[in-house]
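2 protein chains.
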Amino acid sequence: MKVSIVESILSANDEIALQNKEILDQYGICTINIMAAPGSGKTSLILRTIDALRHRLRIAVIEGDVASTVDADHVATKEVPVAQINTGGQCHLEAQMVRRALGELPLADLDLLLIENVGNLICPVEFKLGEDLNVMLTSVPEGDDKPYKYPSIFVAVDAVVINKIDLLPYVRFDVDAFRKLVLGMNPDVKFFEVSCETGQGIDDWAEWVLHQRERKG
Amino acid sequence: MKVSIVESILSANDEIALQNKEILDQYGICTINIMAAPGSGKTSLILRTIDALRHRLRIAVIEGDVASTVDADHVATKEVPVAQINTGGQCHLEAQMVRRALGELPLADLDLLLIENVGNLICPVEFKLGEDLNVMLTSVPEGDDKPYKYPSIFVAVDAVVINKIDLLPYVRFDVDAFRKLVLGMNPDVKFFEVSCETGQGIDDWAEWVLHQRERKG
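These protein sequences, in sequence, are chains P and E. Numbering (numbering that gives the first Met the number 0) for the first sequence: 0 to 216. Numbering (numbering that gives the first Met the number 0) for the second sequence: 0 to 216.
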């Protein structure tokens, strides 16, 4: 008797992520999953991106947090649609949470969806959400040794945004050494050096985001 | 027929943590579990603590990281015993990992054990290791809104060390508002304001650590 084996090729999360992607593709929405440690400036980057692109793209935001709506409240002041996911203790977003949040957003009226993941350099990497692109943010006060200690995220992302470059005079962070280290792990990664405080470098980042959306059609 | 229910009062992790604590108590070792986001300065605080207390206490360190030995290498330059735990992707330390690390340390010759947990504000809180005290580090460039977004850790700790106060002139961080917010969640918490870069505030912190060890016997 032959034994049939049906392999679960995709995990439950990845299956839902694929469905999310199909929904988002159908509406032509370019979706970026933004990951970082707590306090690297994910929300500030989202606010800057909205300011830079709001007249060229219709933008919405999904805010992922363990608790509270403080980030979503900030985003809401920009008058773009925003859905808050509170994970209730969980350390990362999952595709099912995003699915529910999509139900709260006017998908037919959107070009760009920015997802702010939970502040964590480890767990979010494992969970696809349905995004087109993964971006991580690192800030110079965190130090330039993070790729050694959290390699998985640096390998997984399409772009690394180095934030808080206005603080470079006051901390030890060797931008060239950092870039070289990350490129050794992920040769195709794009870098952006920005200050969400002063606005420096935001134009280049916004131009790249716009280009990603245009590539999508 | 009466059904007997045997409840698992402690999780497997907590049982091992309790055993770790018994071992450490037996040797009179005061153990501090240090938690923080990536890049808040856990290793720098440990290095400063060693410098401040090495002539008064016999100190060892357990370094927890997803990958690499860069932090343990730094600590080793101080010529104190150090055991590296690489979690291999896992986002927190567990009691069993600490148990193994204890086997690498000269317990009979120690007064103080500093455990650097994996850089993460969410997951480490759930896992007791056998420590006497839990301390969290937050750094001013991360912003003063973290207690809203990561409440569990602020509730769980005995002390909050506010690091990188040398950067206060360059970032927005309202120390009084932050302290008030945390005290509302955890009225018995101790605060320390330090700069591991300049050494400011380290004496007060080291004095407190010394006092914790003395209280233990």
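For each residue, glycine too, the CB sits at the ideal point set by N, CA and C.
For P:Phe177, the uninterrupted alpha helix (DSSP H) run begins and ends at 174-184, by DSSP. Closer than 8 Å at the C-beta level to chain P, one finds these residues of the segment 139-159 of chain E: Pro140, Glu141, Gly142, Asp144, Lys145, Tyr147, Lys148, Tyr149, Pro150, Ser151.
Setting aside the 5 residues that flank it on each side, E:Gly200 is surrounded in the same chain by Ile164, Phe191, Glu192, Val193, Ser194, each with a C-beta closer than 8 Å to its C-beta; the list follows chain order. Taking CB atoms only, E:Asn133 has no neighbour in chain P less than 9 Å away.
The C-beta distance from P:Val159 to P:Val117 rounds to 18 Å, too long to meet the 8 Å contact threshold.
Excluding sequence positions up to five before and after E:Val81, its CB lies within less than 8 Å of the CB of Ala59, Val60, Ile61, Glu62, Ala71, Val74, Ala75, all in the same chain and listed in chain order. Think of a sphere of 9 Å around the beta carbon of P:Ala75: no beta carbon from chain E falls inside it, the nearest being about 15 Å out.
Nearest neighbour of E:Leu182 by Cα position, chosen from E:Ser67, E:Ile49, E:Ala94, E:Ile152, turns out to be E:Ile152.
In the DSSP annotation of this structure, the continuous segment of the alpha helix (DSSP H) that includes E:Asn12 starts and ends at 11-25. In the structure shown, the three-state DSSP call for E:Thr197 is coil. Not one beta carbon of chain E lies nearer than 9 Å to the beta carbon of P:Cys195. At a cut-off of 9 Å, the C-beta of E:Cys29 has no neighbouring C-beta in chain P.
P:Ile45: member of the alpha helix (DSSP H) spanning 41-52, first to last residue.
With a threshold of 9 Å between beta carbons, E:Gly216 makes no contact with chain P. Within the same chain, Ala94, Lys127, Leu128, Gly129 come within 7 Å of P:Ala16 by CB-CB distance, once the 5 residues on both sides are set aside. Counting C-beta atoms within 10 angstroms of its own C-beta, P:Arg47 has 16 or more neighbours from the protein chains shown and is therefore classed as buried. C-alpha of P:Asp173 to C-alpha of P:Arg53: approximately 33 Å in a straight line.
For E:Phe153, the enclosing alpha helix (DSSP H) covers residues 150-155. Among the residues of the segment 164-195 of chain E, those with a Cβ less than 7 Å away from any Cβ of chain P are Leu166, Tyr169, in the order of the chain. Cα atoms of E:Gly198 and P:Arg99: separation of roughly 48 Å, rounded to the nearest angstrom. Counting only the Cα atoms, P:Val69 lies some 12 Å from E:Asp143.
Taking C-beta atoms under 8 Å as the contact rule, P:Leu136 and P:Cys29 fail to qualify, at a distance of about 18 Å. For the segment 33-54 of chain E, the beta-carbon criterion of a distance under 7 Å to any beta-carbon of chain P is satisfied by Ala36, Pro37, Gly38. The alpha helix (DSSP H) runs lying completely inside the segment 117-147 of chain E and spanning 4 residues or more number zero. A residue is called buried once 16 or more other Cβ atoms fall within 10 Å of its Cβ, and P:Asp108, having fewer, is exposed.
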